[in-house]
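Below you'll find the structure, written out as structure tokens, and then a few comments.
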Amino acid sequence: MVLSGKRVLTVVSGASRGIGKEIAVQVSKRVAPESVFLLTARNEATLLQIKQDILSSSEKAQVWIVVCDMGSFNDDAINTFKEVLGEIKEMGPFDSAFVFHNCGTAGDVSKRSTELSNAEQWQNYLNVNLIAMVQFNNLILESITKEVAPHRFVVNITSLVAIQGFPSLTQVRSYGPTVHRTLLTLGGRSYTFHFDRIFEQFRIRERENARNSAVFGEAVGVYSGEPFTTLTSTPRNRAARTGINVVCCHYANSHYRR
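Residue 1254, in the numbering used here, is where the sequence shown stops; the numbers in between run on with no holes.
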């Protein structure tokens, strides 16, 4: 196992509430006491509260919080993360590292796609959901190498919009598969699955790779009483070279920005 009882680095964006908060808290209950957490979101007060929740579960944990709006992932934010990641790197090595990209927005759902013509709104949407995620991901992987954490898992949490368009986001649906494929060409093992009910059960998409299916379930505590038997596997053209595990999951409750 790469999580339970192990010294783990856990990075969570959109960590101030909802899924991001629960991931951070649940992971803290399973990992070794000396594990490290990097939490980022826009709300400092809630991040500080989650930090206390983690320390209540594991007094020896090290928790960094960075207040950041991924819609404005500028040089100041990048330099701050570089500094924090440099300090975290010095605390290695870790048994494994998990990166949960949970930050996202469904955009302006009050309008139909034909009414979404404001370039600034579109740019902000792409910044939050794609561009900043890729930048942040690369910053982490640049610092947290295989030498620092031999097992690295990148978990990208998206909304149902990635595979099913809303009336206001029908254009986004056409982008979803393209973005999805682009993300997965980062290499490593790649799995896709869909939440039926968040943190309660999975709906199986395809039957493949049963051996690895417990990894994410163990990570976020979604085990519902029956062993996970399948996950959807996507192409792994560079798995042997990168050692990065990429996971994508989609959930339906996406009408808010974390």
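Ideal Cβ positions, reconstructed from N, Cα and C, are used throughout, including at glycine.
* Asked: residue 987 bridges to which residues according to DSSP?
  -> Nothing about residue 987 can be read from this structure; the chain reaches only from 997 to 1254.
* Asked: Does the region 1049–1068 touch the region 1018–1037, meaning 3 or more C-beta pairs lie closer than 8 Å?
  -> Counting Cβ pairs under 8 Å, three or more are found: they touch.
* To do: Taking the CB atoms as reference points, tell me whether residue 1038 and residue 1063 lie closer together than 9 Å.
  => The beta carbons of residue 1038 and residue 1063 sit closer together than 9 Å.
* **the region 1047–1055 in contact with the region 1105–1120 per 3-pair CB rule at 8 Å** => no
* Asked: For residue 999, does the three-state DSSP call read helix, strand or coil?
  -> coil
* In the DSSP assignment, what residue or residues form a beta bridge with residue 1033? -> According to DSSP, residue 1033 bridges with 1006, 1059.
* Under the three-state DSSP convention, the category residue 1138 falls into -> helix
* To do: Measure from the C-beta of residue 1050 to each C-beta in chain D and report whether the shortest distance is under 9 Å.
  => Among the chains in the structure shown there is no chain D, since it carries only a single protein chain.
* DSSP three-state call for residue 1154: helix, strand or coil? -> strand
* Asked: Quick one: what's residue 1095 bridged to in DSSP?
  -> 1007, 1150
* To do: State whether the region 1002–1022 contacts the region 1084–1098, with contact taken as three or more CB pairs (one from each stretch) at a distance under 8 Å.
  => Verdict: yes, contact present.
* Helix, strand or coil at residue 1110 according to DSSP, with G and I counted as helix -> helix
* Asked: Hey, how far is the Cα of residue 1094 from the Cα of residue 1004?
  -> 8 Å
* Could you give the DSSP three-state label for residue 1040: helix, strand or coil? => The three-state reading of DSSP puts residue 1040 in helix, counting H, G and I together.
* **When 1131, 1021, 1089, 1011 are compared against residue 1070, the one with the closest alpha-carbon** => 1131
* Within the same chain, show all residues whose beta-carbon is closer than 7 Å to that of residue 1010, passing over the 5 residues directly before and after it, in chain order. => 1016, 1037, 1098, 1099, 1100, 1254
* Asked: Beta-carbon separation of residue 1054 and residue 1092 under 9 Å?
  -> Contact flag unset, no.
* To do: Determine the extent of the alpha helix (DSSP H) in which residue 1025 is found, giving its start and end residues.
  => First-last for residue 1025: undefined, no H or E at that position.
* On the three-state DSSP scale, how would you describe residue 1073? -> helix
* Cα-Cα separation between residue 1146 and residue 1041, rounded to whole angstroms -> Their Cα atoms are separated by approximately 33 Å.
* CA-CA distance, residue 1142 and residue 1134? -> 14 Å
* Look at the Cβ atom of residue 1154, then the Cβ atom of residue 1125, and state whether they are nearer than 9 Å. => The Cβ atoms of residue 1154 and residue 1125 lie closer than 9 Å to each other.
* To do: Work out the CA separation of residue 1128 and residue 1088 for me, nearest whole Å.
  => 25 Å
* Output the distance between the C-alpha atoms of residue 1080 and residue 1110, rounded to the nearest integer angstrom. => 42 Å
* Just the C-alpha distance for residue 1112 and residue 1118, rounded to the nearest angstrom, thanks. => 8 Å
* Taking Cβ to Cβ, would you say residue 1139 is nearer than 9 Å to residue 1074? -> no
* If you draw a straight line from the alpha carbon of residue 1043 to that of residue 1123, how long is it in whole angstroms? -> Rounded to whole angstroms, the separation of the alpha carbons of residue 1123 and residue 1043 is 22 Å.
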